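Student:
2 protein chains.
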Amino acid sequence: MAVTRPALSRPSPFAVTVDIVLLAVTERLEVMLVRRGVEPFRDLLALPGGFVQPNESIDDAARRELAEKTGLTPTQLPGVHIEQLGTFGDVDRDPRMRVVSVAYLALSRFRPVPTAGTGAVEAVWIPVDEACRGTLAFDHVEILTAGLERARSKLEYTTLATSLVAPTFTLGELRQVYEVVWQESLDIANFRRKVLATQGFVVATNEKRISESGGAPATVYRAGTGKDLLPPIMRVR
Amino acid sequence: MAVTRPALSRPSPFAVTVDIVLLAVTERLEVMLVRRGVEPFRDLLALPGGFVQPNESIDDAARRELAEKTGLTPTQLPGVHIEQLGTFGDVDRDPRMRVVSVAYLALSRFRPVPTAGTGAVEAVWIPVDEACRGTLAFDHVEILTAGLERARSKLEYTTLATSLVAPTFTLGELRQVYEVVWQESLDIANFRRKVLATQGFVVATNEKRISESGGAPATVYRAGTGKDLLPPIMRVR
DNA sequence: CGAATAGTGTCTATCAGACAGTATTCA
DNA sequence: TGAATACTGTCTGATAGACACTATTCG
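Those protein sequence lines, which keep their order, are chains E and V. Throughout, this note's numbering is defined as the position within the first sequence, counted from one, plus 24. Throughout, this note's numbering is defined as the position within the second sequence, counted from one, plus 24.
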């Protein structure tokens, strides 16, 4: 008796989009959102995103959308960290048609201000906790929440924070990245000890720098070559 | 002057598949692969997977494929952990057409043996390291590598291991899960101390059980309700 | 008995949290 | 001078690795 096999199913056509959770880590933690001009969810805020084109990889589509929506030039783009976050494909997440969205997390140390003429869409920057509590188009609150949690946990076990400060930085600036993203304050002395004890995290320079708000001159550091933090810097829970 | 906007792009049709990295954690760590009967990559081994249907979510498609390819009944399925791993969408990953694949990681404490008549496809179980070194269809080596790393790191910071033993188990059995997945041996006494010190990881029963290979009777435990391991059990690197 | 496993206890080095105290700069 | 920041140092409790030792069971 022949083994029964499921009928070979044929591919169904799907629309594939990328959606970007772009977080700016400055004195606050903010997310970039765009106001929708068309149905569905017209006038609601949404994550920036768009359709993947037939001739580009999904990663390329994410980088292209990021550039288009922020007005960042290809030269500035490498300074922005971007990674895949997850894929959202519920049947009814878009009322128009079946859309599968691949979400990306992008992190920037400043808020790119789209300027007219660069092709960028009008965007707004909203504090993340406000955006999480508010109403966004589609399932974008869920995606934003996932992005926020990913950003927070990546600070724990990678050297990601060094890409969210200027090329040279003080430990106070590095600590502020953790405090802004985790929304908790860290002990100055213990943070210093931990960072300096971790091989490959930061490298001291000869330079000193004085903060705008007074205080003693701080040693200036560069990012080290390490990518992982072993053991991790854990937030309190 | 009107602000220049990018032309509103229209959706292009994509085929969307799910691919499953199904790992069985027994005395060995093995991955389920299927032999391809059609081009492209005919006769090569590949991860089990298939097209997402128009009326099912991507998560549902992954569970359906898992059930179809393993012959597991809906009753057995809840015992198998499954989670989204990542999405692979390079332009040329499938020579036939543009295919975006959403990969899932599934973990089982036994090797489901597909039986004829259940609709299951013929599958083989291969030790993971052998499969990683070998040649697989499409970009499946990359997907498998990502799945393996995900499984290893999830044991560190979640209670996932308790879903890879029987409903009641000894600490020796739990430790074996770690040793098989991490491929390193752990100190018996230190493992015990760590597991018992972690709230919500395991709950002792009154029962004792004697191992097949002799030794003193071991206390039998059930899984606790906790999901996270804080602080994590870290493997050596 | 010997091998294998379960379980207890101990020593030590390391590390994180808490916090005191000093130094340097700006307003 | 006072506020703010940088930096050093110390105490303590928790924890992980290493490992010795005992107990129980099978063959």
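From the three backbone atoms N, C-alpha and C, an ideal C-beta is built for every residue, glycine too. Just so it is clear, the structure is predicted and the values come from calculations on it, not from any experiment.
Verify whether the separation of the beta carbon atoms of residue 61 (chain E) and residue 41 (chain E) is less than 7 Å.
Tutor: Result no, Cβ atoms of residue 61 (chain E) and residue 41 (chain E) do not sit closer than 7 Å.
Student: Could you spell out the range, first to last residue, of the beta strand (DSSP E) harbouring residue 59 (chain E)?
Tutor: Run containing residue 59 (chain E): 53-59, per the beta strand (DSSP E) assignment.
Student: Do we get a CB-CB distance below 7 Å when we pair residue 130 (chain E) with the residues of chain V?
Tutor: It does not; no Cβ of chain V falls within 7 Å.
Student: What does DSSP give as the partner residue(s) for residue 224 (chain V) in the beta ladder?
Tutor: In the DSSP output, where bridge partners are listed per residue, residue 224 (chain V) has none listed.
Student: Return yes when the Cβ of residue 133 (chain V) is within less than 7 Å of the Cβ of residue 194 (chain V), no when it is not.
Tutor: Cβ atoms of residue 194 (chain V) and residue 133 (chain V): not closer than 7 Å.
Student: For residue 90 (chain V), I'd like the list of residues in its chain whose CB is within less than 6 Å of its CB, leaving aside the five on either flank, ordered along the chain.
Tutor: If we look at residue 90 (chain V) and ignore the five residues flanking it on each side, its Cβ neighbours are 44, 130.
Student: Give me the chain V residues within the contact set of residue 43 (chain E), using Cβ-Cβ distance strictly less than 9 Å, ordered along the chain.
Tutor: Near residue 43 (chain E) there are no residues of chain V at all, since even the closest Cβ is about 12 Å away, more than 9 Å.
Student: Thinking just about the alpha-carbon of each residue, which of E:196, E:172, E:104 is nearest to the one in residue 236 (chain E)?
Tutor: For the residues E:196, E:172, E:104, the minimum Cα distance to residue 236 (chain E) belongs to E:196.
Student: Which residue marks the beginning of the beta strand (DSSP E) containing residue 132 (chain V), and which one marks its end?
Tutor: Here the beta strand (DSSP E) through residue 132 (chain V) covers 123-132.
Student: Pick out the complete beta strand (DSSP E) segments inside the stretch 170-227 of chain E, 3 residues or longer, and give them in chain order.
Tutor: DSSP runs (the beta strand (DSSP E)) wholly in the stretch 170-227 of chain E: 192-194.
Student: For the candidate residues E:161, E:209, E:53, E:76, whose alpha-carbon lies nearest to that of residue 69 (chain E)?
Tutor: The candidate whose alpha carbon is nearest that of residue 69 (chain E) is E:161.
Student: Going by CA-CA distance only, name the one from E:208, E:153, E:254, E:50 that's closest to residue 261 (chain E).
Tutor: Selected option, being the one with the closest Cα: E:208.
Student: Whole angstroms is fine: what's the gap from residue 27 (chain V)'s alpha carbon to residue 101 (chain V)'s?
Tutor: Confidence at residue 27 (chain V) is low in this model, with a pLDDT of 38, below 50, so the placement of that residue is unreliable and no value is reported for it.
Student: Which stretch, first to last residue, makes up the alpha helix (DSSP H) that contains residue 257 (chain V)?
Tutor: Where residue 257 (chain V) is concerned, there is no enclosing alpha helix (DSSP H), given that its DSSP letter is neither H nor E.
Student: Do you know how far the Cα of residue 149 (chain E) is from the Cα of residue 135 (chain E)?
Tutor: Cα-Cα distance, rounded: 8 Å.
Student: Between residue 81 (chain E) and residue 118 (chain V), which are expected to be in contact by the criterion C-beta below 8 Å, what is the C-beta distance as a whole number of angstroms?
Tutor: 13 Å between Cβ atoms; not a contact.
Student: Closer than 9 Å between beta carbons: that is the criterion. Which residues of the stretch 65-85 of chain E meet it against chain V?
Tutor: Going along the stretch 65-85 of chain E in chain order, one finds 74, 75, 76, 77, 78, 79, 80, 81, 82, 83, 84, 85 with a Cβ nearer than 9 Å to chain V.
Student: Nearest to residue 257 (chain E) by CA position, among E:95, E:183, E:238, E:247, is which residue?
Tutor: Checking every option, the nearest Cα to that of residue 257 (chain E) belongs to E:183.
Student: May I ask you to list, following chain order, the residues of the stretch 86-118 of chain V that have a beta carbon less than 7 Å from some beta carbon of chain E?
Tutor: Those residues of the stretch 86-118 of chain V that come within reach of chain E (Cβ to Cβ, closer than 7 Å) are 92, 108, 110, 111, 113, 114, 115.
Student: Does the beta carbon of residue 244 (chain E) sit closer than 7 Å to a beta carbon anywhere in chain V?
Tutor: Output row for residue 244 (chain E): interface = no.
Student: Just checking: is the beta-carbon of residue 215 (chain E) within a distance shorter than 7 Å of some beta-carbon in chain V?
Tutor: Residue 215 (chain E) does not count as touching chain V.
Student: Is it true that the stretch 175-192 of chain V meets the stretch 222-230 of chain V, where meeting means three or more beta-carbon pairs spaced less than 8 Å apart?
Tutor: In short, these stretches touch, since the Cβ pair count reaches three.
Student: Identify whether residue 102 (chain E) lies in helix, strand or coil by the three-state DSSP scheme.
Tutor: If DSSP states are grouped into helix, strand and coil, residue 102 (chain E) belongs with the helices.
Student: How many angstroms separate the CA atom of residue 56 (chain E) from the CA atom of residue 71 (chain E)?
Tutor: Going by the C-alpha atoms only, they are around 7 Å apart.
Student: Expressed to the nearest angstrom, what Euclidean distance is found between the alpha-carbon atoms of residue 25 (chain E) and residue 76 (chain V)?
Tutor: Model confidence at residue 25 (chain E) stands at a pLDDT of 40, short of 50, so the residue's coordinates are unreliable and nothing is read from them.
Student: Residue 122 (chain E) and residue 78 (chain V) - do their beta-carbons sit closer together than 7 Å?
Tutor: Taking 7 Å as the Cβ cut-off, residue 78 (chain V) and residue 122 (chain E) qualify as a contacting pair.
Student: By the DSSP assignment, the beta strand (DSSP E) with residue 46 (chain V) in it spans what residues?
Tutor: From DSSP, the beta strand (DSSP E) with residue 46 (chain V) extends over 37-49.
Student: Measure the beta-carbon distance from residue 54 (chain V) to residue 151 (chain V) and round it to whole angstroms, keeping in mind my assumption that it falls under 8 Å.
Tutor: Going by Cβ atoms, the distance from residue 54 (chain V) to residue 151 (chain V) rounds to 5 Å, so yes, they are a contact pair.
Student: Between the alpha carbons of residue 157 (chain V) and residue 164 (chain V), how many angstroms are there, rounded?
Tutor: About 12 Å.
Student: Alpha carbon to alpha carbon, how far is residue 241 (chain V) from residue 112 (chain V)? Give it in angstroms, no decimals.
Tutor: Straight-line Cα distance between these residues: approximately 48 Å.
Student: Using the Cα positions of residue 176 (chain V) and residue 205 (chain V), report the straight-line distance between them to the nearest angstrom.
Tutor: Near 6 Å, if we compare the C-alpha coordinates of residue 205 (chain V) and residue 176 (chain V).
Student: For residue 225 (chain E), decide whether its Cβ has a neighbour in chain V, counting only Cβ atoms nearer than 7 Å.
Tutor: Cβ-Cβ to chain V under 7 Å: no for residue 225 (chain E).
Student: Quick check on residue 33 (chain V): buried or exposed, where buried means 16 or more other Cβ atoms within 10 Å of its Cβ?
Tutor: Exposed, because fewer than 16 other Cβ atoms sit within 10 Å of the Cβ of residue 33 (chain V).
Student: Please state the DSSP three-state secondary structure of residue 232 (chain E).
Tutor: Correct three-state label for residue 232 (chain E): strand.
Student: List the residues of chain E whose Cβ lies closer than 8 Å to the Cβ of residue 255 (chain V), in chain order.
Tutor: Under the 8 Å cutoff, chain E gives 258.
Student: Assuming residue 146 (chain E) contacts residue 58 (chain E) (C-beta within less than 8 Å), just tell me the rounded distance between them.
Tutor: At roughly 7 Å, the Cβ-Cβ gap stays under 8 Å, so residue 146 (chain E) and residue 58 (chain E) are in contact.
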